[in-house]
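A.B. asks:
Numbering (the numbering used here), first residue to last: 8 to 902.
(1) Kindly give me the distance between the Cβ atoms of residue 468 and residue 551, rounded to whole angstroms, as I take these residues to be in contact under 8 Å.
(2) Which same chain residues end up closer than 7 Å to residue 579 when comparing Cβ atoms and leaving out the 5 residues on each side of it in sequence?
(3) Just to confirm the assignment, what range does the alpha helix (DSSP H) spanning residue 633 have?
(4) What number of angstroms, rounded off, separates the C-alpha of residue 688 from the C-alpha of residue 569?
(5) If you check the beta carbons only, do residue 765 and residue 878 fall under 8 Å apart?
(6) Please identify the residue among 816, 661, 715, 245 whose C-alpha is closest to the C-alpha of residue 861.
(7) In terms of residues, what are the limits of the alpha helix (DSSP H) holding residue 775?
(8) Once you ignore the five residues that flank residue 494 on each side, which residues in its own chain have a CB closer than 7 Å to its CB?
(9) Do you know offhand how far residue 724's Cα is from residue 716's?
(10) 8 Å is my cut-off, CB to CB: does residue 614 come that close to chain D?
(11) For residue 849 and residue 823, I'd like the C-alpha separation in whole angstroms.
(12) Rank 445, 679, 843, 255 by C-alpha distance to the C-alpha of residue 884 and give the top, closest one.
(13) Sort 190, 833, 745, 611 by Cα distance to residue 674 and report the nearest one.
(14) Buried or exposed: residue 728, going by 16 or more other Cβ atoms within 10 Å of its Cβ?
(15) Cβ atoms of residue 811 and residue 773: under 8 Å apart, would you say?
(16) Check whether the Cβ atoms of residue 799 and residue 770 sit closer than 8 Å, and answer yes or no.
(17) To the nearest angstrom, how far is it from the Cα of residue 88 to the Cα of residue 287?
(18) In chain order, what residues of the same chain have a beta carbon less than 7 Å from the beta carbon of residue 594, not counting five sequence neighbours either side?
(19) Which parts of the segment 409–474 are runs of the beta strand (DSSP E), unbroken and 3 residues or longer, counting only runs that do not cross its ends?
(20) Rounded to whole angstroms, what is the Cα-Cα separation between residue 644 and residue 284?
(21) Pull up the CB-CB distance for residue 540 and residue 327, whole angstroms please, since I reckon it's below 8 Å.
(22) Which residue comes first and which comes last in the alpha helix (DSSP H) that contains residue 351?
(23) Kindly give me the distance between the Cβ atoms of residue 347 and residue 314, rounded to whole angstroms, as I take these residues to be in contact under 8 Å.
(24) Could you tell me which whole alpha helix (DSSP H) segments of length 4 or greater appear in the segment 842–885?
(25) Nearest by alpha-carbon distance to residue 412: which of 545, 451, 367 is it?
(26) What are the start and end residues of the alpha helix (DSSP H) that includes residue 580?
(27) Grouping DSSP H, G and I as helix and E and B as strand, with all else coil, what is residue 373?
(28) The alpha helix (DSSP H) that contains residue 809, what's its start and end?
(29) How big is the Cα-Cα spacing for residue 788 and residue 776?
(30) Please tell me whether residue 603 and residue 646 are closer than 8 Å, where the distance is taken between their beta carbons.
(31) If contacts are defined as beta-carbon pairs under 8 Å, then residue 432 and residue 403 qualify, I think. What distance do you get, rounded to the angstrom?
(32) Measuring straight from C-alpha to C-alpha, what distance separates residue 638 and residue 669?
(33) How is the beta strand (DSSP E) around residue 589 delimited, first residue to last?
(34) Which stretch, first to last residue, makes up the alpha helix (DSSP H) that contains residue 824?
(35) Determine the closest residue to residue 279 out of 510, 556, 410, with distance taken between C-alpha atoms.
(36) The alpha helix (DSSP H) spanning residue 554 covers which residue range?
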């Protein structure tokens with residue numbers, strides 16, 4: 008019955024539409040001028056209306072079907088595509104069309120079946136005031152608010168329209184301005200400019216003018232559409248983009264939309280490695296961007312790391328009070344084989360982050376196909392497994408990309424939840440990079456050509472304006488294409504930019520050591536007296552408490568909240584800062600990578616903890632990136648991250664809970680590495696690290712946590728009864744109250760014991776082993792000086808040199824292996840400075856790990872007897888006097 012009724016209505020409407028078309032607008036829904044289509048649509052529509060009374064979910068499902076059919080309608084791809092809108096915005100009582108996205112349609116379906124014959128659909132004609140359609144998303148995503156249903160007053164005349172407010176309709180999304188012709192032309196222009204730029208770079212590579220290049224021909228249409236959609240929802244103030252190195256068009260369009268007009272010139276300066284390169288001053292390869300003025304965050308070659316940073320940046324919005332922000336990380340489909348994707352999806356799912364993970368799928372990873380290198384066969388199922396919304400688009404289709412990206416961005420911004428956005432079918436025209444075959448691949452369809460042709464069909468551009476393929480010979484792009492007017496204009500711009508950049512200065516080699524570290528805080532260490540009653544763990548708690556309260560600090564890691572850390576170093580902090588002490592998944596790259604991402608927000612201090620130093624190796628690539636990003640961006644950005652982890656063998660930890668990291672991490676330039684040996688230093692160095700803008704690694708010896716070591720910390724009580732209460736409170740896991748102004752400077756060693764015969768340089772637990780050895784040597788009449796480095800990198804070599812110049816002998820002691828270790832570094836510097844210096848490097852035996860057996864552990868690690876024996880050796884080497892050595896200790900100088 009419904010179908011027959013629909014047929015009767017359709018026939019009447021069709022006849023009325025044909026009649027009306029002779030004098031103006033056609034009365035038909037888009038694509039419904041076909042007699043076969045009208046009955047189908049109205050039958051489904053009426054069926055949904057009836058079903059909606061029985062089950063409220065059915066209209067939504069049916070309308071999703073209707074919407075999908077409409078989005079595929081040939082009408083939407085035709086030059087006659089028109090947007091449903093008010094005919095006369097100045098007369099709110101006059102409205103044409105049904106308005107509302109699919110999830111708002113049930114109210115329309117349930118509206119008064121008695122008036123179904125009067126429902127009016129307008130579309131394919133051109134009524135007065137009806138603007139030209141700009142995008143297929145306009146129908147779905149550009150509703151006026153509130154929703155209205157239009158009925159014909161009197162039944163037969165389209166110019167007599169009145170509105171009926173819909174009952175029980177939730178508020179519609181804010182109106183979204185449709186795409187304008189100028190924006191589509193801008194998108195096309197950015198696309199052909201990007202193509203021209205990159206194909207000219209191919210020529211520069213072939214001529215040998217640039218050493219290496221990487222590019223993204225084939226992704227221009229996708230990039231421009233993505234940027235345009237994002238610009239509808241966010242601005243650089245609430246958006247962080249960590250792009251792929253193939254995201255040139257995306258970054259170009261986004262930059263231009265946000266006021267940056269010289270993006271291509273910037274790319275060329277980076278490509279030519281010029282001193283004028285504003286991103287890196289010749290230090291980074293092309294498209295490794297950092298443009299903070301438009302919200303583009305640092306890119307690195309291991310592209311999976313974009314995702315960890317994007318997830319972290321999204322997490323940072325919560326601590327900045329930004330409730331509509333979006334972060335986007337971009338990878339290729341090949342990178343989905345990396346663990347970085349799993350890390351980011353885990354973070355996005357567990358923390359429900361406002362992040363878009365964009366996968367640009369060109370079906371190839373250098374030369375590896377998806378069958379060979381990608382275990383994820385269905386990204387939709389993969390996303391659903393994490394409870395993450397999945398959106399898929401055809402990366403070749405400008406309008407599909409725009410619509411789906413807009414949908415994703417509005418969802419993420421509004422709901423503050425994640426989306427995995429999969430852009431499929433992207434071509435790759437020039438090979439992976441200049442190291443591969445750079446011949447332009449003519450076997451694939453070109454989305455840029457298709458986009459230009461669509462703009463011609465719409466009457467926005469002329470045939471002479473657009474890029475076309477032609478018959479030709481040769482390997483490069485230009486041999487087989489007619490650029491068209493728009494691209495010719497951009498080619499001329501690219502040529503002029505190339506000539507300009509060619510003449511700009513090269514970087515000065517004298518600057519190579521600039522911007523390795525941000526400036527260190529200028530701090531003064533307070534005088535101390537007496538011994539501390541605060542344990543090492545208690546001092547750490549007090550420092551983190553102050554950082555969270557006064558420096559916008561955030562701590563996250565495994566078991567740091569509810570448990571208080573396996574070493575109790577964070578006990579009690581979750582109660583004091585419930586939103587800033589966060590238990591994380593058991594995933595070290597996630598912990599470190601998201602901390603790097605969040606720290607890119609101004610005024611946030613991130614304090615990630617890795618539960619045991621042994622497991623930091625899972626995140627080694629993050630430490631390298633933390634160390635090089637300030638240098639790579641020529642001082643542009645750094646990560647205010649203070650990573651803490653327990654280290655060194657102690658108490659039967661065996662192979663995977665006993666590692667010393669001195670030798671692993673110290674070779675990474677740009678990191679500040681601390682190893683405090685006392686409660687005072689742990690407290691003061693952490694507070695200094697919070698004042699510092701750069702990355703800091705704090706290695707905490709497990710042996711120290713439950714001990715009160717070193718001098719008293721300012722703020723400790725002096726009354727015996729209060730001291731007793733303090734000790735009990737700290738052991739209970741409470742947070743002691745200490746002076747928040749205490750600071751200990753970086754790269755400033757301290758003398759723990761003065762001596763004249765031999766210098767012992769140590770750090771961490773080895774300081775206390777050295778102190779034990781020094782006491783034994785003193786009983787023998789040998790005066791040993793113990794220097795505690797406190798900061799391993801960069802070390803206070805002046806303190807070492809000053810002491811060695813007095814004693815003439817050196818021992819360097821650490822819990823790590825001497826072989827290829829940091830102890831050898833300190834020894835080597837000293838021997839270079841003082842040729843012939845008697846010296847020894849001491850530490851654990853060079854075996855693969857620490858054994859579980861206590862006896863075997865004791866036989867492996869550093870002990871006081873080793874230091875005493877080494878002191879005897881260097882003393883014996885100089886027993887006959889200094890004349891046999893190239894270097895003479897200062898106390899033997901006769902002048």
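We put the CB at the ideal spot given by N, CA and C, even for glycine. Keep in mind it's a predicted model, so treat the numbers as computed, not measured.
C.D. replies: According to the structure shown:
(1) Working through the chain shown from its first residue, we reach residue 468 at position 461. Working through the chain shown from its first residue, we reach residue 551 at position 544. That pair is no contact at about 60 Å.
(2) The residue given as residue 579 occupies position 572 in the chain shown. Hits under 7 Å: 548, 571, 740, 741, 742.
(3) What you label residue 633 is simply residue 626 of the chain shown in a count that begins at 1. Boundaries of the alpha helix (DSSP H) harbouring residue 633: 627–639, taken from the DSSP string.
(4) Residue 688 sits at position 681 when you count from the first residue of the chain shown. Residue 569 sits at position 562 when you count from the first residue of the chain shown. Their backbone Cα atoms lie some 26 Å apart in a straight line.
(5) Here the question's residue 765 lines up with position 758 in the chain shown. Here the question's residue 878 lines up with position 871 in the chain shown. In this structure, residue 878 lies closer than 8 Å to residue 765 by Cβ.
(6) Your numbering for residue 861 matches position 854 in the chain shown. Of the candidates 816, 661, 715, 245, the one whose C-alpha sits nearest the C-alpha of residue 861 is 661.
(7) Counting from one through the chain shown, the residue named residue 775 turns up at place 768. Its alpha helix (DSSP H) spans residues 772–786.
(8) Working through the chain shown from its first residue, we reach residue 494 at position 487. Spatial neighbours of residue 494 in its own chain (CB-CB distance under 7 Å, excluding positions within 5 residues in sequence) are listed in chain order as 199, 203, 474.
(9) Within the chain shown, residue 724 is the residue found at index 717, counting from 1. Within the chain shown, residue 716 is the residue found at index 709, counting from 1. So the alpha carbons of these two residues sit roughly 16 Å apart.
(10) Among the protein chains of the structure shown there is no chain D, as only one such chain exists.
(11) Counting from one through the chain shown, the residue named residue 849 turns up at place 842. Counting from one through the chain shown, the residue named residue 823 turns up at place 816. Cα to Cα, the separation comes out at about 9 Å.
(12) For the purposes of this step, residue 884 is identified with residue 877 of the chain shown, where counting begins at 1. It is 843 whose Cα lies nearest to the Cα of residue 884.
(13) Mapped onto the chain shown, residue 674 falls at position 667. Measuring from the Cα of residue 674, the nearest candidate turns out to be 833.
(14) Residue 728 sits at position 721 when you count from the first residue of the chain shown. Exposed is the call here.
(15) Residue mapping note: residue 773 aligns to position 766 of the chain shown, counting from 1. Residue mapping note: residue 811 aligns to position 804 of the chain shown, counting from 1. Contact flag unset, no.
(16) Along the chain shown, read from residue 1 onward, the residue named residue 799 stands at position 792. Along the chain shown, read from residue 1 onward, the residue named residue 770 stands at position 763. Yes.
(17) Within the chain shown, the letter at position 81 stands for residue 88. Within the chain shown, the letter at position 280 stands for residue 287. Summary for residue 88: the model assigns pLDDT 36, below 50, so the residue's position carries little reliability; its value from the coordinates is reported in the next sentence. A direct Cα-Cα distance of roughly 46 Å separates residue 88 from residue 287.
(18) Position 587 of the chain shown, counted from the start, is the residue given in the question as residue 594. Same-chain partners within the cutoff: 350, 353.
(19) Those beta strand (DSSP E) runs which fall completely within the segment 409–474 and span 3+ residues are 426–431.
(20) Stepping through the chain shown from its first residue, residue 644 is reached at position 637. Stepping through the chain shown from its first residue, residue 284 is reached at position 277. Cα-Cα distance, rounded: 15 Å.
(21) If you number the chain shown from 1, residue 540 lands on position 533. If you number the chain shown from 1, residue 327 lands on position 320. Actually they do not touch by this definition, with Cβ atoms about 38 Å apart.
(22) Position 344 of the chain shown, counting from 1, holds the residue named residue 351. 346–358 is the extent of the alpha helix (DSSP H) around residue 351.
(23) Counting from one through the chain shown, the residue named residue 347 turns up at place 340. Counting from one through the chain shown, the residue named residue 314 turns up at place 307. Confirmed, about 5 Å.
(24) 861–867, 871–884
(25) Counted from its first residue, the chain shown places residue 412 at position 405. Answer by Cα proximity: 367.
(26) Taking the chain shown and counting its residues from 1, one reaches residue 580 at position 573. Taken as a continuous stretch (DSSP letters only), the alpha helix (DSSP H) holding residue 580 covers 580–583.
(27) As a working note, residue 373 is residue 366 in the chain shown. It is coil, neither helix nor strand.
(28) The residue given as residue 809 occupies position 802 in the chain shown. Segment 804–814, the alpha helix (DSSP H) holding residue 809.
(29) Counting from 1 along the chain shown, the entry for residue 788 is found at position 781. Counting from 1 along the chain shown, the entry for residue 776 is found at position 769. Approximately 19 Å, taken between the alpha carbons.
(30) The residue labelled residue 603 in the question sits at position 596 within the chain shown. The residue labelled residue 646 in the question sits at position 639 within the chain shown. Yes, the Cβ-Cβ distance between residue 603 and residue 646 is below 8 Å.
(31) As a position in the chain shown, residue 432 is number 425, starting the count at 1. As a position in the chain shown, residue 403 is number 396, starting the count at 1. At roughly 5 Å, the Cβ-Cβ gap stays under 8 Å, so residue 432 and residue 403 are in contact.
(32) Position 631 of the chain shown, counted from the first residue, corresponds to residue 638. Position 662 of the chain shown, counted from the first residue, corresponds to residue 669. Answer to the nearest angstrom: the Cα atoms are 22 Å apart.
(33) To locate residue 589, count along the chain shown from 1; it is residue 582. Where residue 589 is concerned, the enclosing beta strand (DSSP E) stretches over 588–590.
(34) For the purposes of this step, residue 824 is taken as the residue at position 817 of the chain shown. It is not in any alpha helix (DSSP H) - residue 824 carries neither H nor E in the DSSP assignment.
(35) One-based indexing of the chain shown puts residue 279 at position 272. Residue 510 is the option with its Cα nearest to residue 279.
(36) Translated into positions along the chain shown, residue 554 becomes position 547. Annotation for residue 554: the continuous alpha helix (DSSP H) segment containing it runs 543–557.
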